[in-house]
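K.L.:
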Amino acid sequence: MNRAEKAALQLQAVAVLRMLKETRTYDELADLTDLPAGDLNRYVNGHVLPGIERARQVVEGVGREALATELEARVTFDDEGYVDNSGVVFDQSFLDLVAPVAANAFGFDRPDVVLTAATDGITLGAAMASYFDARLAYAKKSKETAVEDFIESRQRLASGIELTYYLPASALSSGQSVLVVDDLIRSGETQELLLDIAAQADADVVGVFTLIAAGDEGMAAARDMTDAPIAALATFD
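Numbering follows the numbering used here, with no gaps: position 64 of the sequence shown is 111.
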């Protein structure tokens, strides 16, 4: 890890601690992190940065658990099982915290391209792309008028509805590494289409990440299509 990466990790840890401090006393934060309350006070107030090992402990361990808890508190389900995650996907500052925590906790290799689906996946995709210093590409259910060449992936759902996604062919090239992300995975159709687009482009998938997994069906479907790491920040039955 070079100096820039170490500094980034330390700043990410401070951002996580500041988020946690919004709803906790320093003593409660100390109990959560196993770090001294006095040190936490100095970190949160910007007087000193945590050491590398402490920063890694916060980002990879405490950060993942805390963000999952925060996400669960923001998500609601209606009587038919539909998910309202607007309190998450519309909060870019929260997603900016998710990106480094997910990257470090789940061990994703740095991608050349973060691939997602319009529209709800775009804010998470932007956060992940910014963290990895990668390009963001998003597939849409309609073709861009001025684009001539597309990668097209099509699937007929159990309901009989046909789902199609289009990605401009110039957005993804052979040999590039790709991280597939989305805000939600339920049955896995969207992720399967994105993985198919990556396969058609002869790209190398380095992982699949979602904020929310609603059940196990979608995660299992993604695992059937790639050996890359697949992870969700929070899982709901």
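For each residue, glycine too, the CB sits at the ideal point set by N, CA and C. Values in this document were obtained by computation on a predicted structure and should not be read as measured data.
(1) DSSP on Phe256, reduced to helix/strand/coil?
(2) Are at least three pairs of beta-carbons, each pair with one atom in the segment 196-203 and one in the segment 75-92, less than 8 angstroms apart?
(3) Measuring only the C-alpha atoms, how far is Gly134 from Val148?
(4) Given this structure, state the Cα-to-Cα distance separating Glu264 from Glu127, to the nearest angstrom.
(5) In the segment 132-164, which residue ranges form an unbroken beta strand (DSSP E) of at least 3 residues, counting only runs that do not cross its ends?
(6) Could you please give the first and the last residue of the uninterrupted alpha helix (DSSP H) stretch that includes Gln57?
(7) Is the number of C-beta pairs between the segment 215-230 and the segment 151-162 that are closer than 8 angstroms three or more?
(8) Looking at C-alpha atoms only, which residue of Arg157, Tyr213 and Lys53 is the closest neighbour of Ser224?
(9) Check the DSSP bridge columns for Thr282 and list the partner residues they point to.
(10) If I follow the unbroken alpha helix (DSSP H) through Val91, where does it start and stop?
(11) Cβ of Gly168 within 9 angstroms of Cβ of Val228?
(12) Within its chain, find whatever has a CB closer than 8 angstroms to the CB of Leu144; leave out the 5 residues flanking it on each side and keep chain order.
(13) For the putative contact between Ala260 and Thr282, defined by C-beta atoms under 8 angstroms, what is the C-beta separation to the nearest angstrom?
(14) I'd like the span of the beta strand (DSSP E) that includes Arg203, first residue to last.
(15) How many angstroms separate the CA atom of Val54 from the CA atom of Val106?
(16) Drop a sphere of 10 angstroms on the beta-carbon of Ala102, count the other beta-carbons inside from all chains shown, and report buried for 16 or more, exposed for fewer.
(17) On the DSSP bridge list, what partners appear for Leu277?
(18) Since Pro215 and Glu191 should fall inside the 8 angstroms C-beta cutoff, what is the C-beta to C-beta distance between them, to a whole number of angstroms?
(19) What span of residues does the alpha helix (DSSP H) with Ala245 cover, start to end?
(20) Which of helix, strand or coil does DSSP assign to Ala120?
(21) By the three-class DSSP mapping on this structure, what secondary structure does Glu112 have?
(22) Compute the distance between the beta-carbons of Leu241 and Leu118, then report whether it is under 9 angstroms.
P.N.:
Put simply:
(1) strand
(2) Verdict: no, contact absent.
(3) 19 angstroms
(4) 17 angstroms
(5) Taking 3 residues as the minimum length, the beta strand (DSSP E) runs contained wholly in the segment 132-164 are 160-164, in order along the chain.
(6) First-last of the alpha helix (DSSP H) with Gln57: Arg50 to Lys68.
(7) yes
(8) With distances taken between Cα atoms, Ser224 lies closest to Arg157.
(9) Ala260
(10) Ala84 to Val91
(11) yes
(12) Gln59, Ala62, Val63, Met66, Gly110 and Leu114
(13) The C-beta distance from Ala260 to Thr282 rounds to 4 angstroms, short enough to fall under 8 angstroms.
(14) First-last of the beta strand (DSSP E) with Arg203: Phe197 to Arg203.
(15) The question names Val, but residue 54 is Ala in the sequence shown. Between Ala54 and Val106, the alpha-carbon positions lie close to 13 angstroms from each other.
(16) buried
(17) The sequence shown places Ile at residue 277, not Leu. Per DSSP, Val255.
(18) 6 angstroms
(19) According to the DSSP assignment, Ala245 belongs to the alpha helix (DSSP H) that extends over Glu236 to Gln247.
(20) helix
(21) helix
(22) no
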